[in-house]
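The next block holds one structure in the form of structure tokens; read it before the comments.
In the numbering used here, the protein residues as written are 1 to 291.
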């Protein structure tokens, strides 16, 4: 059995990298002799970190060959079938499913949030994904939307795979980053979004109150890489207190930071899921239906 996994992998988004780890781990648990190939923007890194074959996602000939080699193409997880990011993004992910159907390979929409989709986006999903065998989605809204577009497939609602993520061994040195390990730690995960400047002022005010009234130390967690670090820097500049930007290189460090937190404030879905995973109270700041 050969699996090809298509998602937003190799871009330094630690939430998506956690998704890849869980998907690969669960496939190996269920199909111990299967071969797994992951489409990635950094195939060498992905192959090394996950112990899989990895195909460069931007090389269309290589992607076609990977589809031809596979028995099953998994599209997911994450928010792939939407055109809020861009039409190009939707065409890419729907195109993978379309190519799988044309190559007579089984395909599955796996652990996704569907939408937002405008009229053209709905048309793309309806026409390009109609050969997909089945789907699992992360919420009821996605289930309803996908069912309205693809009438002949089974669509089940399930949980995000990151709820299964396990990493109890990694630790972080808070003191080395200027965070008092004895003070209540609030982890904040923000990202760029429409209206972020207004949201940043509100969140900055909340951070200052937490620091002043409760003696909390705040660490900004850039789960989405450089763009999140930029958003976090914007937020820090609006604060009167002194939150710190926590340098992240791997999902294990993010888990360790969240595990040790008193609370999490998040615009990133996977920051909130990891908070739930480790029993940490959280506050979701909604910028997208999936949050």
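Cβ coordinates follow ideal geometry from the N, Cα and C atoms, glycine included.
- If you compare the alpha carbons of 64, 111 and 135 with that of residue 22, the shortest gap goes to 111.
- A distance below 8 Å between beta-carbons, with the five flanking residues on each side excluded, links residue 26 to the following residues of its chain, in chain order: 161 and 164.
- The DSSP-derived three-state label of residue 43 is helix.
- When the Cα atoms are used, residue 280 and residue 220 turn out to be separated by approximately 16 Å.
- It is roughly 24 Å from the alpha-carbon of residue 61 to the alpha-carbon of residue 17.
- Closest in alpha carbon position to residue 46, among 24, 167 and 194, is 24.
- Within the DSSP secondary-structure output, residue 156 pairs in a beta bridge with 136.
- Following the DSSP letters along the chain, one finds residue 242 in no beta strand (DSSP E), marked with neither H nor E.
- In the pairwise beta carbon analysis, the region 136-156 is classified as touching the region 108-124: at least three pairs are separated by under 8 Å.
- The DSSP assignment places complete alpha helix (DSSP H) segments of no fewer than 4 residues inside the region 176-227 at 196-214, in order along the chain.
- A check of alpha carbon separations from residue 78 across 2, 14 and 263 identifies 14 as the nearest.
- Secondary structure of residue 82 (DSSP, three-state): coil.
- Relative to the Cα of residue 192, the nearest Cα in the group 266, 138 and 256 belongs to 266.
- Secondary structure of residue 96 (DSSP, three-state): helix.
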